[in-house]
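Colleague: Taking the numbering used here, I'd label the letters of the sequence shown as residues 243 to 846.
What follows is a single structure, and I will ask about it in a moment.
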Amino acid sequence: MSRRSEERRAERADQLAEERARAALAAGQGPYDPSWAAGPLRTEQRSGGAGSRKSPPRAREPYIPPRGWYGVGGGRVGYLDPPTMWRATTVQACGMWPFAAGSGSPMTGVPLGQHLYTGATVCGDPLNWFTRARYISNPSLFMLGMPGLGKSTLVNRMLIGLASTGVVPLVLGDLKPDYADTVRALGGQVISIGRGRGGINVLDPGAMGAAASRIGGESGEVLKAETHGRVLNMVAALITIVRGRPMDDHEQSVLSAVLHHLRERTPAGRAPLLPDLLRVLVEGPDRVRAVTLDRGSDTRYRDAVDPLHRSLLGILDGPLGDTFASPTSTRIDPNSPAVCIDISGIGEADTQLTAAAMLAAWSDGLGTVAASHALADAGLAPRRWFFTVLDELWRPLRAASGIVDRIDALTRLNRSLGLGDAKITHTLKDAEALGTDSDRAKARGFVERAGMVVCAGLPKTEMEELGKVVGLSRREIDLVSSWSSPPGWGVSGEHEEPPGRGRFLIKVGGRPGIPIKVAITDAERRLHNTNLRWTPNEQVAGQAVEQAVAQVTAQVRQAAEAGALPLLGDDPAGPSHPDGPSRPSGPSRPDGPSRLGGPGRWTA
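Take a look at the structure:
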């Protein structure tokens with residue numbers, strides 16, 4: 243209810259009380275009884291009931307409305323606005339802080355917003371609540387909520403806050419994209435994957451291979467063996483996507499032998515490709531033939547490897563070939579402050595390529611994490627923590643069953659991996675749409691094992707189902723359900739937001755939930771606009787004009803510096819440059835595009 247509505251309601255109540263008081267005085271009842279303000283008394287109350295003795299009359303006192311009599315000369319007090327609230331720490335405002343106990347809101351981690359009831363600042367994130375505060379036993383977060391209520395925005399704030407403390411954010415498969423601009427602003431690395439955009443060589447050992455060579459010795463050999471297993475699983479996952487069913491056990495043995503042969507034959511500094519793997523199958527070296535039990539018969543060898551051969555041809559000549567048959571376009575930089583693998587260029591209907599790109603991105607990203615920890619264990623690099631973000635969880639879950647297994651393993655082993663994670667989806671029903679019973683059971687376990695569960699606006703039926711898992715009270719269910727309502731029909735503003743936008747309930751175990759309200763800054767709003775496609779045409783046209791002007795300015799500057807034409811205001815025969823145009827000085831010189839790739843881009 244608005245402040246004006248409260249004022250009007252208070253005025254109507256006082257007017258009604260005054261009218262009843264005047265009516266009582268006019269009827270000769272003496273001073274007004276305040277109990278009459280709620281309505282006339284029943285006969286039993288006034289006479290003591292039928293057959294009872296009449297009670298002595300009560301002493302009546304004059305009634306005075308709480309804010310004075312209504313009207314001129316009545317001494318009425320006007321409605322006062324609440325005073326402005328200022329927030330400061332106990333160190334900054336120690337002389338004005340008379341309280342001995344705090345409000346109870348957690349203050350460890352990234353500042354998220356204000357408590358919905360007390361206004362106290364609430365801080366938190368999976369890594370700090372696991373390492374410093376010890377509030378949770380598993381550094382993971384699971385977030386649910388209806389679309390458009392700010393789920394990605396809250397995780398984006400955690401990503402920015404954690405990056406400022408040295409944690410490395412990893413967005414391994416940005417589907418919209420929602421986090422690419424933020425990673426660029428943080429000085430991180432954005433890798434685009436898709437047809438005509440870039441590819442990943444699944445046979446490339448990547449950061450793990452480089453770390454194994456650098457470590458050397460027995461530890462290096464162990465890491466090389468782990469690299470071999472990771473590459474084997476990735477190729478098997480691609481074959482599973484193309485076939486629609488898992489590989490046979492003897493085919494995995496053949497594939498492992500081929501990979502060993504390729505690693506021994508490929509020169510140092512070069513990674514084999516999938517076409518090289520096909521050539522080894524065609525050649526049929528002794529090491530590969532030994533695992534097929536061909537016994538010297540070419541027919542038996544071909545019968546054993548032909549199904550694998552056909553599946554690899556399906557990868558190279560099918561919808562995945564352009565993306566996975568060439569060298570890696572951009573490798574993940576282990577020293578980057580943030581990494582985003584952007585797969586938003588893949589179409590919504592291209593589920594096979596989406597699943598393959600997600601699996602390859604997760605394999606490469608987690609391999610980089612393992613390499614970083616291996617170098618830290620060997621004393622060759624500082625210890626770094628990582629924070630992975632998996633937004634729109636429903637889409638990769640439906641793309642391939644291999645994603646379910648990989649995320650399931652991550653939620654069980656992220657403590658040992660030095661890796662925190664945040665998973666975002668809409669409802670628990672997203673897990674029910676998976677193909678097999680085993681996948682559905684694994685997906686339901688994600689929220690059960692999460693250290694933090696954050697709820698945005700959800701329908702009441704969904705909240706009751708969630709309450710069976712995380713233990714929600716009736717008041718918490720009603721509160722979060724109210725956030726899923728749209729704005730009223732009578733709103734007059736052009737950009738009215740739904741009542742639940744920016745409001746979240748944080749649940750940790752059986753503790754009472756923490757309701758918060760998040761207010762984003764202008765920089766966050768520019769970096770994380772999930773409604774970019776709904777930007778008005780005028781704004782899009784203005785941005786296009788700015789980009790075109792910047793491009794033309796840069797081209798003119800390059801041509802002028804090359805001596806092709808003079809700039810406006812330059813003197814070609816000036817004394818400073820007798821053979822060409824002089825360079826302008828001062829603030830009038832255009833600087834061209836910003837460091838992050840475009841004019842007007844916010845930089846950290």
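A virtual CB, placed ideally from N, CA and C, is assigned to each residue, including glycine.
#1: Nearest CA to the CA of Met-385: which residue from Pro-728, Met-349 and Asp-672?
#2: Using the Cβ count rule (16 or more neighbours within 10 Å means buried), how would you classify Glu-704?
#3: Can you name the start and end residues of the beta strand (DSSP E) that Lys-749 belongs to?
#4: Measure the C-alpha to C-alpha separation of Ser-498 and Leu-608 and round it to an integer number of angstroms.
#5: Would you tell me roughly how many angstroms separate the C-alpha atoms of Leu-617 and Lys-759, rounded to the nearest one?
#6: Distance, Cα to Cα, Pro-557 vs Ala-598?
#7: Go through its chain and collect everything with a Cβ distance to Thr-285's Cβ below 7 angstroms, but skip five positions before and after it.
#8: Within the continuous beta strand (DSSP E) that includes Ala-664, where are the two ends?
#9: For Pro-389 versus His-668, is the C-beta spacing smaller than 9 angstroms?
#10: Within 10 angstroms of its Cβ, does Val-464 collect 16 or more other Cβ (buried), or is it exposed?
#11: Between Leu-369 and Gly-351, is the Cβ-Cβ spacing less than 9 angstroms?
#12: Please check the pair Ala-453 and Ala-613, which I expect to be a contact at CB under 8 angstroms, by giving their CB distance rounded to whole angstroms.
#13: Is Ser-495 helix, strand or coil by DSSP?
#14: Quick check on the DSSP output: the alpha helix (DSSP H) that includes Pro-368 runs from which residue to which?
#15: Can you check DSSP and say which residues form a bridge with Leu-632?
#16: Contact between the segment 621-629 and the segment 467-482 is defined here as three or more beta-carbon pairs at a separation below 8 angstroms; is this criterion met?
#17: Is there contact between the segment 395-404 and the segment 419-437, where contact requires at least three CB pairs shorter than 8 angstroms?
#18: Should the segment 719-726 be called in touch with the segment 689-706, which here means at least 3 C-beta pairs below 8 angstroms?
#19: Considering just the uninterrupted stretch of the beta strand (DSSP E) at Ser-237, what are its terminal residues?
#20: Quick one: what does DSSP say Asp-256 is sitting in, helix, strand or coil?
#21: Taking Ala-761 and Gly-355 to be in contact with their CB atoms under 8 angstroms, please state how far apart those CB atoms are, rounded to whole angstroms.
#22: So for Val-188, helix, strand or coil by DSSP?
#23: Report the three-state DSSP secondary structure of His-819 (helix, strand or coil).
#24: So, is Lys-665 buried or exposed, given that buried needs 16 or more other C-beta atoms within 10 angstroms?
#25: Short check: CB of Gly-441 to CB of Ser-571, under 9 angstroms?
#26: Less than 7 angstroms between C-beta atoms, sequence neighbours within five positions excluded: which residues of the same chain meet that for Leu-659?
#27: Can you tell me the Cα-Cα spacing of Gln-431 and Pro-324, whole angstroms?
#28: Compare the beta carbon distance of Leu-480 and Leu-562 with 9 angstroms and say whether it is the shorter of the two.
#29: Just to confirm, are Ile-748 and Val-696 a CB contact at a threshold of 9 angstroms?
#30: Going by the CB atoms, is the gap between Arg-767 and Leu-391 shorter than 9 angstroms?
#31: Cα-Cα, which of Pro-348, Arg-374, Ala-375 and Ser-379 is closest to Val-364?
#32: Can you give the Cα-Cα distance for Gly-511 and Asp-619, rounded to whole angstroms?
#33: Determine the DSSP secondary structure at Ser-539, reduced to helix, strand or coil.
#34: Quick one: give me the first and last residue of the alpha helix (DSSP H) that Leu-383 is part of.
#35: Closest by CA to Gly-591, which one among Val-496, Asp-564, Pro-638 and Gln-494?
#36: If you draw a straight line from the C-alpha of Ile-457 to the C-alpha of Gly-448, how long is it?
Modeller: In terms of the structure at hand:
#1: Counted from its first residue, the sequence shown places residue 385 at position 143. Closest by alpha carbon: Asp-672.
#2: Taking the first residue of the sequence shown as position 1, residue 704 is located at position 462. Around the Cβ of Glu-704, a 10 Å sphere holds 16 or more other Cβ atoms; the residue is buried.
#3: On the sequence shown, residue 749 is found 507 positions in, with the first residue counted as 1. Taken as a continuous stretch (DSSP letters only), the beta strand (DSSP E) holding Lys-749 covers 745-749.
#4: Taking the first residue of the sequence shown as 1, we reach residue 498 at position 256. Taking the first residue of the sequence shown as 1, we reach residue 608 at position 366. Per the coordinates, the alpha-carbon of Ser-498 lies some 21 angstroms from the alpha-carbon of Leu-608.
#5: Against the sequence shown, residue 617 aligns to sequence position 375. Against the sequence shown, residue 759 aligns to sequence position 517. The straight-line gap from Cα to Cα measures roughly 41 angstroms.
#6: Walking along the sequence shown from the start, residue 557 turns up at place 315. Walking along the sequence shown from the start, residue 598 turns up at place 356. In the sequence on display, residue 557 carries Ile and not Pro. Rounded to the nearest angstrom, the two C-alpha atoms are 10 angstroms apart.
#7: Here residue 285 is taken as the residue at index 43 of the sequence shown, counted from 1. Caution applies to Thr-285, whose pLDDT of 40 falls short of 50 and renders its modelled position unreliable; the model cannot decide the point.
#8: As a position in the sequence shown, residue 664 is number 422, starting the count at 1. Run containing Ala-664: 661-667, per the beta strand (DSSP E) assignment.
#9: The residue labelled residue 389 in the question sits at position 147 within the sequence shown. The residue labelled residue 668 in the question sits at position 426 within the sequence shown. Between Pro-389 and His-668, the gap from beta carbon to beta carbon is short of 9 angstroms.
#10: The sequence position of residue 464 within the sequence shown is 222, counting from 1. Val-464 is exposed by the Cβ-count criterion.
#11: On the sequence shown, position 127 is the one that residue 369 refers to. On the sequence shown, position 109 is the one that residue 351 refers to. Less than 9 angstroms divides the Cβ of Leu-369 from the Cβ of Gly-351.
#12: By 1-based counting over the sequence shown, the position of residue 453 is 211. By 1-based counting over the sequence shown, the position of residue 613 is 371. Indeed, because the Cβ distance is near 4 angstroms, the residues count as touching under 8 angstroms.
#13: If you number the sequence shown from 1, residue 495 lands on position 253. DSSP places Ser-495 in helix when its eight states are reduced to three.
#14: Locating residue 368 in the sequence shown gives position 126, counting from the first residue. Run containing Pro-368: 368-373, per the alpha helix (DSSP H) assignment.
#15: Stepping through the sequence shown from its first residue, residue 632 is reached at position 390. Looking at the DSSP assignment, Leu-632 forms a beta bridge with Lys-665.
#16: Contact between the segment 621-629 and the segment 467-482 is absent, because fewer than three Cβ pairs lie under 8 angstroms.
#17: With a cut-off of 8 angstroms, the segment 419-437 and the segment 395-404 count as touching, because enough Cβ pairs lie within range.
#18: Taking 8 angstroms as the limit for Cβ pairs, the verdict is that the segment 689-706 does touch the segment 719-726.
#19: Since the first residue of the chain shown is 243 and the last is 846, residue 237 is not available in this structure.
#20: Numbered from 1 along the sequence shown, position 14 holds the residue referred to as residue 256. Looking at Asp-256 - three-state DSSP - the assignment turns out to be helix.
#21: For this step, residue 761 is matched to residue 519 along the sequence shown. For this step, residue 355 is matched to residue 113 along the sequence shown. Indeed, because the Cβ distance is near 7 angstroms, the residues count as touching under 8 angstroms.
#22: Any question about residue 188 goes unanswered here, given that the chain covers just 243 to 846.
#23: Numbered from 1 along the sequence shown, position 577 holds the residue referred to as residue 819. Unreliable positioning characterises His-819 in this predicted model, as indicated by a pLDDT of 41, which lies under 50. The coordinate reading is nonetheless provided below. In the three-state reduction of the DSSP assignment, His-819 falls in the coil class.
#24: Here residue 665 refers to the residue found at position 423 when the sequence shown is read from its first residue. Counting Cβ neighbours within 10 Å, Lys-665 comes out buried, since at least 16 surround it.
#25: For the purposes of this step, residue 441 is identified with residue 199 of the sequence shown, where counting begins at 1. For the purposes of this step, residue 571 is identified with residue 329 of the sequence shown, where counting begins at 1. Yes, these two residues count as a Cβ contact at 9 angstroms.
#26: The count along the sequence shown starts at 1 and reaches residue 659 at position 417. Around Leu-659: Val-611.
#27: Taking the sequence shown and counting its residues from 1, one reaches residue 431 at position 189. Taking the sequence shown and counting its residues from 1, one reaches residue 324 at position 82. One alpha carbon belongs to Gln-431, the other to Pro-324, and they sit about 47 angstroms apart.
#28: Residue mapping note: residue 480 aligns to position 238 of the sequence shown, counting from 1. Residue mapping note: residue 562 aligns to position 320 of the sequence shown, counting from 1. Taking 9 angstroms as the Cβ cut-off, Leu-480 and Leu-562 qualify as a contacting pair.
#29: Position 506 of the sequence shown, counted from the start, is the residue given in the question as residue 748. Position 454 of the sequence shown, counted from the start, is the residue given in the question as residue 696. The answer is yes: Cβ separation under 9 angstroms.
#30: Indexing the sequence shown from 1 puts residue 391 at position 149. Indexing the sequence shown from 1 puts residue 767 at position 525. Pairing Leu-391 with Arg-767 gives a Cβ-Cβ distance that is not under 9 angstroms.
#31: Residue 364 sits at position 122 when you count from the first residue of the sequence shown. Nearest option by C-alpha distance: Pro-348.
#32: Working through the sequence shown from its first residue, we reach residue 511 at position 269. Working through the sequence shown from its first residue, we reach residue 619 at position 377. Whole-angstrom Cα-Cα distance: 24 angstroms.
#33: Reading the sequence shown from its first residue, position 297 is the one you call residue 539. Three-state DSSP puts Ser-539 in coil, outside helix and strand.
#34: Locating residue 383 in the sequence shown gives position 141, counting from the first residue. Per DSSP, Leu-383 lies in no alpha helix (DSSP H) segment; the continuous beta strand (DSSP E) that holds it begins and ends at 382-386.
#35: Translated into the one-based positions of the sequence shown, residue 591 becomes position 349. Just to set this straight, residue 591 is Ala in the shown sequence, not Gly. That would be Pro-638, whose Cα lies nearest to the Cα of Ala-591.
#36: As a working mapping, residue 457 is identified with position 215 in the sequence shown. As a working mapping, residue 448 is identified with position 206 in the sequence shown. Rounded to whole angstroms, Ile-457 to Gly-448 spans 15 angstroms at the Cα level.
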